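Count along the sequence shown from 1, then add 17; that gives the number in the working numbering.
Take a look at the structure below.
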Amino acid sequence: MSNYRKKVPTTTVTRDMDVLSKPVGNVYETVRIIAKRANQISTETKHELEQKLQDFASVSDSMEEVFENREQIEVSRYYERMPKPTLRAIEEFSEGKVYYKNPAKINTENVH
């Protein structure tokens, strides 16, 4: 996960959609593919964060324990500083690391 922090911008960057959508041939399908990958990344990251935070969970949380749990706060801050899932998905797509297929196109191509 740490390699994303160096490679992916943490702010929105203007992109040329004609260049980005060239492999797919359709801007809207490209956006759909990137959105689906961003949802996958978000789910994976949320699951990973929940697993790490469970290590700090205790049966009885008093107010003092909540404020004193610095490790849990640091883990949360690390995930907050990570690039957003959409930016990570765009980076993966532009590098050709996202596998995608359109079943509707495959079925129409095989009908001939």
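Where is the CB? At the ideal position from N, CA and C, for every residue including glycine.
Since we're looking at a predicted model, the values are computed, not measured.
Item: Hey, how far is the Cα of I51 from the Cα of S93?; Value: 25 angstroms
Item: Less than 9 angstroms between the beta carbons of A121 and R54, yes or no?; Value: no
Item: Three or more beta-carbon pairs under 8 angstroms between the region 89-103 and the region 31-48, yes or no?; Value: no
Item: Could you check the C-alpha separation between S59 and P102 for me, to the nearest Å?; Value: 6 angstroms
Item: Can you tell me whether DSSP reads R130 as helix, strand or coil?; Value: For residue 130 there is no data in the structure shown, the boundaries of the chain being 18 and 129.
Item: Let me check understanding here. Comparing Cα to Cα, which of L37, L66, M34, K39 lies closest to M99?; Value: L66
Item: The alpha helix (DSSP H) spanning M34 covers which residue range?; Value: 34-37
Item: Alpha carbon to alpha carbon, how far is Y117 from S139? Give it in angstroms, no decimals.; Value: It is not possible to answer for residue 139, since the shown part of the chain is limited to 18 through 129.
Item: Starting from Y117, trace the alpha helix (DSSP H) both ways and give me its first and last residue.; Value: Premise fails: Y117 is in no alpha helix (DSSP H) and is neither H nor E.
Item: Could you give the residue range of the alpha helix (DSSP H) that holds T29?; Value: Segment: none, T29 is in no alpha helix (DSSP H) and carries neither H nor E.
Item: Under three-state DSSP, which class holds F110?; Value: helix
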